Every structure is written in C-alpha cells, then in structure tokens.
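J.: Taken in order, these protein sequences are the chains called A and E. If you want my numbering, it's the 1-based position in the first sequence plus 3. If you want my numbering, it's the 1-based position in the second sequence plus 3. I am attaching a structure below and will ask some questions about it afterwards.
2 protein chains.
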Amino acid sequence: MGRKDPAFAAGTDTVAQRRTDRVTISDVAALAGVSTAAVSKIVNGKGSFPQATRDRVQRAVVQLNWAPSAAAVALRGARTRAIGMVAGRTPDVLNSDPHFALLIAGIESELAPRDHGLLLHIVGEQPDAAERAYRRLATERRVDGVILTESRVGDPRFALLRGLRLPAVLVGTPWQSDPVPTVRAAEQDQGMADAVEHLVGLGHRRIGYVSGPEDRVHTGRRRAVFTEALARHGLSPSHLLASDFAGQTTGSLVEKVLATADRPSALVLANDMMALAALAAAQRTGRQVPRDLSLIGHDDLPVGHLLHPRLTTVRQDLAGLGRAAALSVLQQLGEEPAGPLPEVTPPQLVVRESTGPAPG
Amino acid sequence: MGRKDPAFAAGTDTVAQRRTDRVTISDVAALAGVSTAAVSKIVNGKGSFPQATRDRVQRAVVQLNWAPSAAAVALRGARTRAIGMVAGRTPDVLNSDPHFALLIAGIESELAPRDHGLLLHIVGEQPDAAERAYRRLATERRVDGVILTESRVGDPRFALLRGLRLPAVLVGTPWQSDPVPTVRAAEQDQGMADAVEHLVGLGHRRIGYVSGPEDRVHTGRRRAVFTEALARHGLSPSHLLASDFAGQTTGSLVEKVLATADRPSALVLANDMMALAALAAAQRTGRQVPRDLSLIGHDDLPVGHLLHPRLTTVRQDLAGLGRAAALSVLQQLGEEPAGPLPEVTPPQLVVRESTGPAPG
DNA sequence: TGTGAGCAGGAAAACGTTTAACTGTCCAGC
DNA sequence: GCTGGACAGTTAAACGTTTTCCTGCTCACA
C-alpha cells in the first residue's frame with residue numbers, strides 16, 4: 004500500500020506533516036508507480052495507455068481520494084470551472100423577489116452536472132459596486148464567464164466585460180443593440196399583449212400599469228407593449244405608476260390610487276410580489292378581487308397559485324432562461340458543443356382567479 | 004511605457020499575442036522598474052519601501068489595471084477567498100422557500116466587503132449528491148470553508164468535513180452534540196413556546212402542528228417544544244402533520260384536516276409559505292381566518308405582512324444568522340479578528356392578524 | 001580604516017497541474 | 001540488417017504569485 008510513498012528530502016517531522024496534508028498528483032503517481040504526466044493524461048483521458056496502467060492509476064486516485072487542485076488547474080491555463088453572477092440589488096429586495104432564486108436554480112441545474120460552480124456576488128444598488136465586482140472577477144480570473152441579468156438603460160457592463168475579455172451572456176433584453184450574447188424567449192411581448200387583450204375582453208376600460216424601477220430596460224419595454232396593446236383598442240392607460248420591487252411601496256401606491264375617484268378597474272403589475280401587495284392593498288381598503296379590481300402579475304412565481312384568489316399572471320420561464328444562459332456561457336467557453344440552446348417557453352398569460360369582468 | 008517589457012525568446016507574433024493577453028505581476032514590475040518581489044510586497048504591505056517606490060508601483064498597478072491572479076495566489080498557499088455553500092434541495096422547493104435567499108443575503112453582506120466570494124451549489128435532495136459536492140469543494144480546494152444549513156438527523160456532513168479538514172459552520176441546531184461550530188439565536192425555543200401561549204391564551208384547545216420534513220433536526224425539536232408547551236396547559240396536540248416544504252402538499256393536507264369533524268381551531272406551521280398555503284386552503288373551503296381558524300407561520304418572510312390577513316408568525320433573524328455564520332468561518336480562517344459574533348435576535352412571536360379568539 | 005546596522009530591493013524556490021517534446025523498446029516489413 | 005512506426009510512457013517547462021534568504025550600499029562610529 005503505502006510502501007511506494009516517496010520519501011522527499013525534508014526535515015524529519017515536516018514530512019510527517021506533509022503526509023497528512025493535502026494529497027497531490029505526485030502521491031498518486033508514486034502509488035501507481037508512474038509519472039505525474041501519466042496520471043494527468045489518464046484522468047483526463049488524453050494519451051493512450053494500456054488498461055492495466057489505467058486501472059492502477061484509477062485505483063490510486065480512489066485510494067488517496069485525490070482530485071486535481073482547482074488552483075493549479077486554473078493557473079496552468081485551463082479553466083476555473085466557475086461562472087460568476089453579480090446581483091446588483093440590496094439584500095432585502097433580493098429576498099422579496101424570488102425571481103432570482105428561480106433563475107439561479109435554472110443556472111445551477113446545468114452547471115452542477117458539468118462540475119461547474121456558481122460564484123455569486125450580491126452587491127448593493129450603487130452602480131460602481133457592481134462594476135468593481137465584475138472587474139475583480141475578471142482581473143483576478145476567478146471565473147470563466149459571467150451571467151448578467153436586468154440590463155439597465157445605458158448599462159456600462161457590456162463594454163466593461165468586453166474590455167475585460169470575459170465571456171458573458173445576458174438574460175433578457177439588451178439595451179440598444181449591445182453585441183453581448185443574449186438569451187430570451189421568442190415572442191417575448193406576447194404575454195403582456197395577451198394580458199391587455201384579456202382585460203379589454205372582460206370589459207375593462209380603465210387599466211393601469213405599475214412598473215418596476217425606471218432604469219431597467221424591460222420596464223420601458225413592457226410598458227410600451229402595454230400602452231400599444233391598449234392603443235389597438237383606442238384606449239390609453241388610466242395610470243402609469245412606477246414602484247420599486249419592494250412590496251411595501253407598491254402596497255401604499257395602490258392604496259392611494261384606489262382612493263381616487265378615477266381609479267382603475269384593472270391593474271397590471273411588473274411582478275407577482277407586487278401583485279400580491281396590490282391584492283392585499285385592495286382587500287385592506289375593503290375591495291374585493293376580482294369583483295372590484297382585476298389584477299395581473301408577472302413571472303408566475305409559485306406563490307401566485309397559493310393565494311386566494313389565485314393570481315392571473317404572465318408566466319415567464321425563468322428556470323428555462325437560467326438553463327439557456329448557463330449553456331450559452333458554456334458554449335462560449337467550448338465546454339459544451341455548439342448548437343441551438345434549449346427552447347425557452349415564451350411568456351404566456353395564465354388566467355386564474357384574480358381577473359374578472361369589469362364592474363358596473 | 005512598454006519600453007521596459009521583457010522580450011522573452013519566443014516566436015515573432017506569439018509575443019504580440021502575449022501582450023494583449025492578461026497582464027501579470029511582471030508587467031507591473033517592468034513598468035515600475037522593480038522586481039516582481041517588490042511589487043508583491045508593496046501591494047500586500049509587507050516590506051518597507053520608500054514612498055517614491057511605493058508610488059511608482061501603485062501607479063503601474065493602476066495603469067495596467069492589474070490584480071493578482073486568484074489561481075496563482077491560491078496555489079501559492081494563500082487563501083481562495085471563497086466560501087462554499089451547498090443547498091441540498093430541488094430547485095423548485097428552493098424557490099418556494101425564500102428562507103435561503105435571506106440567509107444568503109446575510110452571508111454575502113459580510114463576505115462582500117471583505118472581498119470574499121460565495122460559491123453556491125444547488126444539488127438535488129439525494130444525500131450523496133450533497134456529499135459529493137462537499138468532497139469536490141474540499142479536495143479541489145475551491146473554497147476556504149463552508150457554511151452548512153439544515154442539519155439533518157444523522158447528518159454525515161460534519162464527520163465528512165472534519166475528515167476533509169474544511170472549516171465549517173452550521174446554521175441552526177446540530178444533531179446530537181456534533182462538535183462543529185454553530186451559530187444560532189439565544190433562547191431559540193422561546194418563539195415557538197410563545198406561539199403556543201398566545202393560542203392558548205386566545206382560548207384555543209384544539210391546536211395542530213404542521214411540520215416540515217422529518218429528517219431535519221429542527222423539525223423534531225420544534226415539534227417537541229410545541230408539544231411541551233401545550234402539555235404545560237394540560238393539552239396535547241390535536242393534529243401532528245408532516246408535510247414537505249412545498250406549498251401544494253401543505254395546502255391539500257390542510258384541506259383534508261379541515262374537512263374532518265375533529266378539526267383544529269388553530270394551526271402552527273413550520274414556515275410562512277406553508278402558512279400561506281394553509282391560509283389559501285382555509286379560504287378555499289369557505290373558512291375565514293382568523294374567525295374559523297387561527298394560523299401561525301414561521302420565519303417572518305416579507306410576504307407575511309403583505310397578506311390579508313397579515314400573518315402572525317415566529318420571526319427568525321435569518322439575515323443575522325447568515326451574517327454570524329459568515330463571520331464565524333472568517334474567524335476560523337483568521338481573516339477576521341476573533342471575538343464575539345454579532346447578536347442574532349432570538350426567535351420572537353409577531354402577532355398580526357391571522358390569529359384570533361377560538362370559535363364558539 | 002574597519003565594522004556593524006539599516007536600508008532598498010533582488011534571486012530563486014515553491015505551490016500542483018498540464019502538455020509539448022522527447023526517449024527507449026519492440027516488432028513488422030523490406 | 002535496417003528502417004519506420006507504434007507503444008508506453010518520461011522530462012521539463014510553464015502558469016503567476018509569495019516568501020525566504022540574500023546582496024549591495026550607505027553611513028555612523030570606534
């Protein structure tokens with residue numbers, strides 16, 4: 004067994020300490036009676052070796068429980084086998100919007116089987132914090148590529164990452180025509196358009212939209228789609244509100260709007276948590292959903308169909324987006340054969356119980 | 004500028020390619036006119052150098068936008084500056100339980116300012132998947148330490164990590180007396196006990212408990228606390244149900260219980276999402292909360308006070324736990340001065356609107 | 001004039017892999 | 001008998017840092 008262990012020239016008990024220390028490829032090589040090069044090639048399936056040698060090496064690997072040091076592999080020029088993601092949100096907003104969790108789950112479901120890690124950085128809202136994070140990720144060569152979400156108006160990250168030569172993929176709609184690879188669903192506006200059709204078909208005429216933060220690219224886009232869809236029926240939005248993603252703000256905003264005389268009979272909201280807040284606000288002010296007010300959310304988070312009434316919403320295939328994004332970076336890295344990415348299900352209106360005929 | 008660049012012996016345009024490649028410490032050294040050793044010492048604040056030299060080096064660093072390669076630093080024996088976390092849950096359960104997001108946010112809030120990364124792995128529920136993930140993290144030396152959550156009955160991870168010599172900290176209650184460092188709140192059972200007191204005080208006598216999966220350590224513990232608190236009033240649980248963490252299961256379980264003749268008048272649930280599902284189930288079967296049924300959740304997730312009625316719950320300081328956990332690993336690594344960890348607020352009953360007097 | 005301290009900084013090894021280039025042996029074919 | 005090729009590996013360089021000794025040099029002081 005341990006008979007073949009190399010006895011390096013070293014201080015007497017340094018060796019002892021060494022032995023209990025991490026096991027390296029040389030230990031494996033010594034135990035298998037071959038060179039480190041042979042071990043490396045065999046575990047990486049590179050050269051051609053007789054079965055007997057391969058077995059000896061494999062046994063040694065298992066016996067010593069060896070795995071190549073990620074640092075050494077990375078240094079040697081191979082890959083880090085890690086993908087980065089920087090979330091530019093404050094912790095509590097992040098928390099109240101499970102959107103991220105779903106996306107990350109999708110990403111990991113592709114990364115994990117390929118033995119890649121996800122290096123997550125949650126930085127505050129300040130734009131330079133995110134930039135610093137990316138810069139560090141790149142110059143320290145901590146990751147092979149990054150996944151971006153929530154592109155913003157005038158987003159500086161694309162240029163930054165190009166400059167840093169860090170492969171990247173954006174989940175969502177890029178700002179202008181940024182040449183960064185992008186994953187998104189086909190017909191991505193259809194869901195929102197359908198939502199408007201649905202409401203108009205139910206007789207609603209006073210329909211408002213509560214958007215997320217203005218600096219997100221999708222905020223403007225979705226609102227535009229909303230407005231255009233209304234325009235096709237000769238209508239215009241009764242209210243255009245901008246909230247942040249936190250439920251509290253949305254709640255009081257909605258309460259205020261509902262208190263006015265020209266209140267909407269239906270509200271479309273930028274995500275499901277905002278819709279949940281709106282629902283609560285309506286109930287709190289003595290209104291019933293959908294009798295007095297119809298609500299449509301966005302994303303189709305699991306919470307939506309636990310509610311009473313169940314939430315009508317525009318389903319987004321967040322996990323699918325995450326999966327596609329992960330595969331896209333891996334393709335750029337040559338870790339995954341090129342080819343079409345898996346389909347991302349287009350946004351789709353899911354009619355449940357929070358929408359109904361217009362009152363009166 | 005580039006005049007001092009070393010001209011390595013190499014093919015003609017290989018050099019050109021090299022130049023556009025990543026910048027290394029030698030480039031900085033050449034530009035500043037010193038050795039790489041000097042650069043290293045100066046940026047790490049080690050030796051003593053005259054201010055002029057320090058300035059030259061700093062300028063060169065900035066000019067070339069250099070940062071030490073994480074791989075090289077790690078290989079040299081310093082730290083990876085990354086902490087690992089393995090979530091042994093399926094993606095959709097992870098998603099429907101925002102508990103994780105909050106914890107992660109807390110962890111990152113301490114890690115980020117110290118330039119540490121969080122390497123996240125989401126593996127399925129199979130126990131060996133998690134074990135493999137830890138093993139890889141350790142043998143590949145990808146992280147300096149790990150944070151564990153959700154200790155399970157007979158949890159093999161502690162022994163595993165000790166064997167791997169990977170510093171670890173557990174968030175929550177260890178199984179038996181595992182000698183792994185642990186962060187948890189003081190008086191961690193008080194919240195649950197108060198919940199029972201609260202219900203009994205409102206006149207409830209038929210009180211049930213809906214727990215999470217049996218293999219979690221806290222499942223048994225909380226249920227025991229629940230049962231004991233009832234016993235102090237000469238009562239015993241009217242129902243003890245075990246659900247998973249998914250809302251669906253809980254919903255149908257609660258519907259079923261409410262349909263029986265000996266139904267409880269109050270229900271305590273293992274987390275807020277389960278309470279939300281229970282609320283919906285009650286409403287769906289025509290019952291009003293809290294008139295016909297009182298509900299108490301656990302964790303105090305933001306969603307709880309967006310609901311109608313607002314959820315009475317046992318608040319847990321998840322972000323605080325995350326922060327303390329992060330600091331605890333950093334202390335073990337010597338990255339953070341030893342000292343008391345920040346206080347984690349003890350679990351605390353937050354009475355809101357989902358609990359009321361017992362009916363009839 | 002010699003000596004030692006203190007300063008400013010350099011040379012080189014080490015960390016653990018991967019890989020290009022090479023070596024030695026054996027055998028087939030001419 | 002010699003060449004060429006396949007086989008079964010080995011040697012050594014390279015990746016980019018950090019760190020442990022070093023080496024000159026200057027200057028004060030005996």
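A virtual CB, placed ideally from N, CA and C, is assigned to each residue, including glycine. Predicted, not measured: the structure shown is a model, and the values here were computed from it.
Comparing C-alpha positions only, which one of A:Glu339, A:Asn274, A:His311, A:Pro293 sits nearest to Gln319 of chain A?
T.: Within the first sequence, the letter at position 316 stands for residue 319 of chain A. Ranking the options by Cα distance to Gln319 of chain A, first place goes to A:Asn274.
J.: Assign Val26 of chain E to one of three DSSP states: helix, strand, or coil.
T.: Numbered from its first residue, the second sequence carries residue 26 of chain E at position 23. Val26 of chain E falls in the coil class under three-state DSSP.
J.: Helix, strand or coil for Met4 of chain E, going by three-state DSSP, please let me know.
T.: Along the second sequence, one-based indexing puts residue 4 of chain E at 1. Because Met4 of chain E carries a pLDDT of 34, less than 50, the predicted location of this residue cannot be relied on, and the following value inherits that uncertainty. In the structure shown, Met4 of chain E sits in coil (DSSP, three-state: anything other than H, G, I, E or B).
J.: Under 7 Å between C-beta atoms, does Ser268 of chain A make it to chain E?
T.: Position 265 of the first sequence, counted from the first residue, corresponds to residue 268 of chain A. Closer than 7 Å: no.
J.: Indicate whether at least one CB of chain E lies closer than 7 Å to the CB of Gly359 of chain A.
T.: Taking the first sequence and counting its residues from 1, the one referred to as residue 359 of chain A is at position 356. By this cut-off, Gly359 of chain A is not an interface position.
J.: If you run the structure through DSSP and keep just helix, strand and coil, what is Gln3 of chain A?
T.: In the structure as shown, chain A starts at 4 and stops at 363, and residue 3 of chain A therefore has no counterpart that could be examined.
J.: What residues match up with Ile299 of chain A in a beta bridge as DSSP calls it?
T.: Residue mapping note: residue 299 of chain A aligns to position 296 of the first sequence, counting from 1. For Ile299 of chain A, which the question treats as bridged, DSSP gives the partners A:Val271, A:Thr315.
J.: If you follow the alpha helix (DSSP H) that His221 of chain A is in, where does it begin and where does it stop?
T.: As a position in the first sequence, residue 221 of chain A is number 218, starting the count at 1. Note, His221 of chain A: alpha helix (DSSP H), 220–234.
J.: Residues in its own chain within less than 8 Å of Phe103 of chain A by CB, not counting five upstream and five downstream?
T.: Here residue 103 of chain A refers to the residue found at position 100 of the first sequence. Contacts found: Ala90, Arg92, Leu97, Thr152.
J.: Could you tell me whether the Cβ atoms of Pro182 of chain A and Tyr212 of chain A are closer together than 7 Å?
T.: Translated into the one-based positions of the first sequence, residue 182 of chain A becomes position 179. Translated into the one-based positions of the first sequence, residue 212 of chain A becomes position 209. Result no, Cβ atoms of Pro182 of chain A and Tyr212 of chain A do not sit closer than 7 Å.
J.: Does the region 164–179 of chain E come close enough to the region 138–155 of chain E that 3 or more CB-CB pairs lie under 8 Å?
T.: Yes: the two stretches touch, three or more of their Cβ pairs being nearer than 8 Å.
J.: The region 69–82 of chain A: which residues have C-beta closer than 9 Å to a C-beta of chain E, in chain order?
T.: For the region 69–82 of chain A, which is checked against every Cβ of chain E, the residues closer than 9 Å are Trp69, Ala70, Pro71, Ser72, Ala73, Ala74, Ala75, Val76, Ala77, Leu78, Arg79.
J.: Can you confirm whether the region 107–116 of chain A touches the region 122–135 of chain E when touching is taken to mean that 3 or more C-beta pairs between the two stretches lie within less than 8 Å?
T.: Counting Cβ pairs under 8 Å, three or more are found: they touch.
J.: Considering only C-alpha positions, which residue in the set A:Gly175, A:Leu202, A:Gly325 is nearest to Val156 of chain A?
T.: As a first step, residue 156 of chain A is located in the first sequence; it is residue number 153 there, counting from the start. Closest option to Val156 of chain A, Cα to Cα, is A:Gly175.
J.: Any contact of the region 284–293 of chain A with the region 277–288 of chain E, i.e. 3+ C-beta pairs under 8 Å?
T.: Counting Cβ pairs under 8 Å, fewer than three are found: no touch.
J.: Compare the C-beta of Ala35 of chain A with all C-beta atoms of chain E and state if any pair is closer than 7 Å.
T.: In the first sequence, the residue the question calls residue 35 of chain A occupies position 32. Chain E contact via Cβ: absent.
J.: Could you check whether the Cβ of Leu243 of chain A sits closer than 7 Å to any Cβ belonging to chain E?
T.: Your numbering for residue 243 of chain A matches position 240 in the first sequence. No - not a single Cβ of chain E is within 7 Å of the one on Leu243 of chain A.
J.: Kindly list, in the order they appear in chain A, the residues whose Cβ is closer than 7 Å to that of Leu310 of chain E.
T.: Along the second sequence, one-based indexing puts residue 310 of chain E at 307. Chain A residues near Leu310 of chain E: Ala283.
J.: Under 7 Å Cβ to Cβ from His221 of chain E, same chain only, skipping five residues before and after it: list those, please.
T.: Here residue 221 of chain E is taken as the residue at index 218 of the second sequence, counted from 1. Correct list, in chain order: Gly175, Thr176.
J.: Any idea what DSSP makes of Thr152 of chain A, helix, strand or coil?
T.: Against the first sequence, residue 152 of chain A aligns to sequence position 149. If DSSP states are grouped into helix, strand and coil, Thr152 of chain A belongs with the strands.
J.: On the DSSP letters alone, give me the boundaries of the beta strand (DSSP E) that Gly386 of chain A sits inside.
T.: With chain A covering 4 to 363 only, the question about residue 386 of chain A has no answer from this structure.
J.: Name the residue from E:Arg326, E:Asp131, E:Met276, E:Val354 whose alpha carbon lies nearest to the alpha carbon of Val347 of chain E.
T.: Walking along the second sequence from the start, residue 347 of chain E turns up at place 344. Here the closest residue by C-alpha is E:Arg326.
J.: Would you say Pro349 of chain E lies against chain A (beta-carbon separation less than 7 Å)?
T.: Here the question's residue 349 of chain E lines up with position 346 in the second sequence. By this cut-off, Pro349 of chain E is not an interface position.
J.: Residues of chain E with CB under 7 Å from Gly286 of chain A, in chain order?
T.: For this step, residue 286 of chain A is matched to residue 283 along the first sequence. In the sequence on display, residue 286 of chain A carries Gln and not Gly. Result: His311.
J.: For the region 110–122 of chain E, which residues have a beta carbon sitting closer than 8 Å to at least one beta carbon of chain A?
T.: So the list reads Glu111, Ser112, Ala115, Asp118, Gly120, Leu121, Leu122, given in the order they occur along the chain.
J.: Just the C-alpha distance for Arg355 of chain A and Met195 of chain A, rounded to the nearest angstrom, thanks.
T.: Counted from its first residue, the first sequence places residue 355 of chain A at position 352. Counted from its first residue, the first sequence places residue 195 of chain A at position 192. Cα to Cα, Arg355 of chain A sits roughly 15 Å from Met195 of chain A.
J.: In chain order, what residues of the same chain lie with their CB nearer than 6 Å to the CB of Ser214 of chain A, ignoring the 5 residues before and after it?
T.: Taking the first sequence and counting its residues from 1, one reaches residue 214 of chain A at position 211. Around Ser214 of chain A: Thr222, Arg226, Ala245, Ala273.
J.: Between Asp192 of chain E and Leu114 of chain E, what straight-line distance do the alpha-carbon atoms span, to the nearest angstrom?
T.: For the purposes of this step, residue 192 of chain E is taken as the residue at position 189 of the second sequence. For the purposes of this step, residue 114 of chain E is taken as the residue at position 111 of the second sequence. For Asp192 of chain E and Leu114 of chain E, the distance between alpha carbons rounds to 29 Å.
J.: In chain order, what residues of the same chain lie with their CB nearer than 7 Å to the CB of Gly359 of chain E, ignoring the 5 residues before and after it?
T.: Sequence index remark: in the second sequence, residue 359 of chain E carries index 356 (1-based). Once the five neighbours on either side are set aside, the close Cβ partners of Gly359 of chain E are Leu205, Pro293, Arg294, Ser297.
J.: So, Ile28 of chain A versus Val37 of chain A, is the Cβ gap smaller than 7 Å?
T.: Position 25 of the first sequence, counting from 1, holds the residue named residue 28 of chain A. Position 34 of the first sequence, counting from 1, holds the residue named residue 37 of chain A. No, Cβ-Cβ distance for Ile28 of chain A and Val37 of chain A is not below 7 Å.
J.: Can you look up His242 of chain E in the DSSP assignment and give me helix, strand or coil?
T.: If you number the second sequence from 1, residue 242 of chain E lands on position 239. His242 of chain E: strand per DSSP, three-state reduction.
J.: Could you check if Ala141 of chain E is buried or exposed, using at least 16 other CB atoms within 10 Å of its CB as the buried criterion?
T.: For the purposes of this step, residue 141 of chain E is identified with residue 138 of the second sequence, where counting begins at 1. With 16 or more other Cβ atoms within 10 Å, it is buried.
J.: For Arg290 of chain E, decide whether its Cβ has a neighbour in chain A, counting only Cβ atoms nearer than 7 Å.
T.: For the purposes of this step, residue 290 of chain E is taken as residue 287 along the second sequence, with counting starting at 1. Not one chain A Cβ lies under 7 Å of Arg290 of chain E.
J.: Please say whether Val65 of chain E and Asp45 of chain E have beta carbons closer to each other than 7 Å?
T.: Position 42 of the second sequence holds residue 45 of chain E. Position 62 of the second sequence holds residue 65 of chain E. Residue identity differs from the one stated: residue 45 of chain E is Ile in this sequence, not Asp. No, they are not a contact pair.
J.: Interface residues of chain E around Gly250 of chain A at Cβ under 7 Å?
T.: Taking the first residue of the first sequence as position 1, residue 250 of chain A is located at position 247. Those are Pro305, Leu309, listed as they occur along chain E.
J.: With 7 Å set as the bound, which would you pick, yes or no: does the beta-carbon of Ala227 of chain A sit closer than that to a beta-carbon of chain E?
T.: Counting from 1 along the first sequence, the entry for residue 227 of chain A is found at position 224. False, the Cβ-Cβ gap to chain E never drops below 7 Å.
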